[in-house]
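What follows is a short report on a single structure.
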Amino acid sequence: MNREGPERDVRYEDVPEDDRIIGQALRWSLVVVVGVAVLVTGIWLLLGRKAPAPVVQEAVAIPAQSLSKAVSAKPPEVRFTDITRAAGIRHVHVSGAYGERLLPETMGGNATVLDVNNDGHPDLLFINSGHWPWHRPGGKPPRSALYINQGDGNFADRTAGSGLEDLDIYGMGAAVADIDGDDLPDLFITAVGTNRLLRNLGGGRFEDITDTAGVAGAADAWSTSAAFFDYDGDGDLDLFVCNYVRWSREIDYSVDYRLTGIGRAYGPPTNYAGTHSYLYENQGNGHFRDVSAAAGIQVSNPATGLPAGKALAVLPVDFDADGRMDLLVTNDTVQNFAFHNLGDGHFEEAGMQLGVAFDNTGKATGAMGVDVATYNNNGDVAFAVGNFANEMTSFYVARKGLPVFTDEAIVSGIGPESRQALSFGLFFFDYDLDGRVDLLQTNGHVEDEINVVQPSQHYEQPTQLFWNCGSGCARTFEHVATKETGDLGLPVVGRGAAFADFDGDGDLDVVVGQVNRRPVLLRNDQKLGNHWLRVKVRGSAANRDAIGARVRIRANEQEQWRLVSPSRSYLSQVELPVTFGLGDHDQVESVQVQWPDGAERELRDVAADQLLVVDHPAAAGN
Numbered sequence: 000m001n002r003e004g005p006e007r008d009v010r011y012e013d014v015p016e017d018d019r020i021i022g023q024a025l026r027w028s029l030v031v032v033v034g035v036a037v038l039v040t041g042i043w044l045l046l047g048r049k050a051p052a053p054v055v056q057e058a059v060a061i062p063a064q065s066l067s068k069a070v071s072a073k074p075p076e077v078r079f080t081d082i083t084r085a086a087g088i089r090h091v092h093v094s095g096a097y098g099e100r101l102l103p104e105t106m107g108g109n110a111t112v113l114d115v116n117n118d119g120h121p122d123l124l125f126i127n128s129g130h131w132p133w134h135r136p137g138g139k140p141p142r143s144a145l146y147i148n149q150g151d152g153n154f155a156d157r158t159a160g161s162g163l164e165d166l167d168i169y170g171m172g173a174a175v176a177d178i179d180g181d182d183l184p185d186l187f188i189t190a191v192g193t194n195r196l197l198r199n200l201g202g203g204r205f206e207d208i209t210d211t212a213g214v215a216g217a218a219d220a221w222s223t224s225a226a227f228f229d230y231d232g233d234g235d236l237d238l239f240v241c242n243y244v245r246w247s248r249e250i251d252y253s254v255d256y257r258l259t260g261i262g263r264a265y266g267p268p269t270n271y272a273g274t275h276s277y278l279y280e281n282q283g284n285g286h287f288r289d290v291s292a293a294a295g296i297q298v299s300n301p302a303t304g305l306p307a308g309k310a311l312a313v314l315p316v317d318f319d320a321d322g323r324m325d326l327l328v329t330n331d332t333v334q335n336f337a338f339h340n341l342g343d344g345h346f347e348e349a350g351m352q353l354g355v356a357f358d359n360t361g362k363a364t365g366a367m368g369v370d371v372a373t374y375n376n377n378g379d380v381a382f383a384v385g386n387f388a389n390e391m392t393s394f395y396v397a398r399k400g401l402p403v404f405t406d407e408a409i410v411s412g413i414g415p416e417s418r419q420a421l422s423f424g425l426f427f428f429d430y431d432l433d434g435r436v437d438l439l440q441t442n443g444h445v446e447d448e449i450n451v452v453q454p455s456q457h458y459e460q461p462t463q464l465f466w467n468c469g470s471g472c473a474r475t476f477e478h479v480a481t482k483e484t485g486d487l488g489l490p491v492v493g494r495g496a497a498f499a500d501f502d503g504d505g506d507l508d509v510v511v512g513q514v515n516r517r518p519v520l521l522r523n524d525q526k527l528g529n530h531w532l533r534v535k536v537r538g539s540a541a542n543r544d545a546i547g548a549r550v551r552i553r554a555n556e557q558e559q560w561r562l563v564s565p566s567r568s569y570l571s572q573v574e575l576p577v578t579f580g581l582g583d584h585d586q587v588e589s590v591q592v593q594w595p596d597g598a599e600r601e602l603r604d605v606a607a608d609q610l611l612v613v614d615h616p617a618a619a620g621n
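Rendered as structure tokens:
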């Protein structure tokens, strides 16, 4: 979170403010070695090869022409409707703020989609922060909330009796996956302090297995986003956990960030020490082993030797299409990390070589949420990263055949409209089902009184929607005016954001988490008549969710791609089934699925407008 201009009194001396200076110098010196052979070759493969399918993520490898008959420069008429109260969502996030303005109080508010009971209807999990141990007002303490989708547009609060009500933590976000192969999603919850792993027992009940699993982390750590993925190729799911800054109440007061005319305020992490994130290897017996140091994901500041990371989000993605999952980690005010998986249990940090560590001026940004897509009609790959106010949303693009990314926020059409916003959760999704992925980002300032000192800034900010116009347009993305998006455009204090087809009509709805407020559930009310196909991939053995599987469809001689990987955005997770917009095509010529273990299946002549379930060949008996 890169803040400019406000007065501050800094007395925390452990961290010299050299991260940006060192970062810029290293960027220009190390860019010379950008041609690291394996990455250059890998990026070329990612963008150019035809088979096997290049994996990027929940991405669309869009062909030479649009799926629709004609490309209009005007976004279609699509409105989103706030159905939060009508659907039965009553949860309110509680930050525990009582006047001291402690940094974690402005950073929570997730939105996690999961199917708790495996009935095909996406449910919702909201992680609460809560009161501080040293300041506990009377009354019932705030807890996280679990809402079960009733299948009719309504949700039932099933928190009581779930085990979530017993958690006394200052929560942040969640990652969800079936880690024991019983077809029930388990929960990993991040927090300020020790984290929690809850095993799904069925019947809406969870058991805390943190201690036996070995994933609590340090008692004085601050964890944010997390992701399950298979980094070592052994079939089971490992766990990456982002850690933010070294924080305590005493450190917060020592930093003593202030705004003129306000006093103490929610400040930047610039003068907090960085931290190392966690990588846990799944041992396959209910236990995880911390391999963070041995695996090479601990990055230190070369000038001080202190941890360099200030991680807020993580995205598992195969940078070089070698079949091994890499990691993009966004860091707040220091360089982003791109961990390249070497395949021997080790990663190398290659953010500067790939061009995603800094912006195009060599500066670190206040990077929050992240997602990736092959977003246009010629195979270009883009990482989108939400940034602080007065920083454009980063749009790192690797052109087909080129080995590095450059920030093309302005030319893509995203930059100018995103600059003023302070963005947290964001994701690519095809909201109008025309076959081209669009971009949504939810916004909200960290300081509730920011308008007092910066009239151009507001605490509540509209969620923004960028429509993908496709080829033939002056800009790839067109900002959809907030007045034309319905309730999606109403100001919020946005943090986490996720999508799912909550009402079973084929299009993707949105949920946005807020600080100290109710989340917002937004129903997609598009009525464009476009066709769609949803694909649920099922794995075998230890990875029943098939996380890391690649799905390719071909319709009217055109192709689209998705990766089965729910971890993206900020503190949040999207649904597991992947959705393809088909425009006016009512038939899919082929659906090809490749599992992480290399197994493949192909189905031909698939009808549109259905949820297609594809089982692993071993499970399907093929």
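Taking numbering that gives the first Met the number 0, the leading residue of the sequence shown gets 0, the next gets one more, and so forth. Each residue gets a CB set at the ideal place from its N, CA and C atoms; glycine is no exception.
Under 7 Å between C-beta atoms of residue i and residue j
| i | j | result |
| --- | --- | --- |
| LYS535 | VAL612 | yes |
| ASP325 | PHE336 | no |
| ASP370 | ARG494 | no |
| GLY107 | HIS130 | no |
| GLY580 | ASN523 | no |
| ARG135 | GLU164 | no |
| GLY385 | MET367 | yes |
| LEU432 | LEU487 | no |
| ALA497 | SER564 | no |
| PHE428 | PRO315 | no |
| ARG537 | ASP614 | yes |
| PRO121 | ASP114 | yes |
| GLY414 | THR441 | no |
Whole-angstrom distance between residue j and residue i, CA atom to CA atom
| i | j | result |
| --- | --- | --- |
| ARG323 | GLY232 | 7 Å |
| THR209 | ARG561 | 32 Å |
| TYR243 | VAL445 | 16 Å |
| GLN460 | VAL492 | 6 Å |
| GLY213 | ASN281 | 10 Å |
| ALA607 | VAL479 | 28 Å |
| ASP185 | SER470 | 42 Å |
| VAL514 | GLN557 | 42 Å |
| GLY354 | THR405 | 6 Å |
| LEU236 | ALA473 | 43 Å |
| SER161 | VAL410 | 48 Å |
| GLY34 | VAL403 | Below a pLDDT of 50, predicted positions are generally treated as unreliable, and GLY34, at 41, falls in that range; the measurement from the model is reported next regardless. Spanning the two alpha carbons is a distance of roughly 9 Å. |
| PHE426 | TYR569 | 9 Å |
| ASP289 | GLU483 | 48 Å |
| VAL511 | TYR271 | 28 Å |
Simplified DSSP assignment, three categories, for residue i
| i | result |
| --- | --- |
| ARG561 | strand |
| GLN352 | helix |
| ALA176 | strand |
| LYS482 | helix |
| LEU610 | strand |
| VAL519 | strand |
| ASN340 | strand |
| PHE252 | Sequence check: residue 252 is Tyr here, not Phe. Note: TYR252 maps to helix in three-state DSSP. |
| ASN242 | strand |
| LEU45 | For LEU45, the pLDDT reaches just 38, beneath the cut-off of 50, and the residue's location in the model is therefore unreliable, although a value from the coordinates is still provided. Of the three classes helix, strand and coil, the one that applies to LEU45 here is helix, per DSSP. |
| ASN450 | helix |
| ALA497 | strand |
| LEU487 | helix |
| SER411 | helix |
| LEU575 | coil |
| LEU163 | helix |
| VAL9 | Only weak support exists for where VAL9 lies, its pLDDT of 35 falling under 50; the value from the coordinates is given anyway. VAL9 falls in the coil class under three-state DSSP. |
| GLU416 | helix |
| ALA617 | helix |
For residue i: DSSP bridge partner residues
| i | result |
| --- | --- |
| LEU438 | PHE427, PHE465 |
| ALA372 | ALA381 |
| VAL445 | Its beta-bridge partners do not exist; DSSP assigns none. |
| THR405 | VAL396 |
| SER422 | ASN442 |
| TRP531 | GLY580 |
| ILE168 | For ILE168, which the question treats as bridged, DSSP gives no partner whatsoever. |
| ALA144 | PHE125 |
| ILE552 | GLN559, VAL590 |
Closer than 6 Å: residue i CB and nearest the ligand ZN heavy atom
| i | result |
| --- | --- |
| GLU280 | Because no ligand of any kind appears in the structure shown, any question about the ligand ZN cannot be addressed here. |
Could you tell me which uninterrupted alpha helix (DSSP H) segments, each at least 4 residues in length, are contained entirely in the segment 195-221, listed from first to last along the chain? Segments of the alpha helix (DSSP H) lying fully in the segment 195-221: 209-212.
3 or more residues per run - each beta strand (DSSP E) lying fully within the segment 66-140: 79-81, 111-113, 122-125, all fully within the segment 66-140.
If we require 4 or more residues per run, which alpha helix (DSSP H) segments fall completely within the segment 263-323? As far as the segment 263-323 is concerned, its whole alpha helix (DSSP H) runs of at least 4 residues are 291-294.
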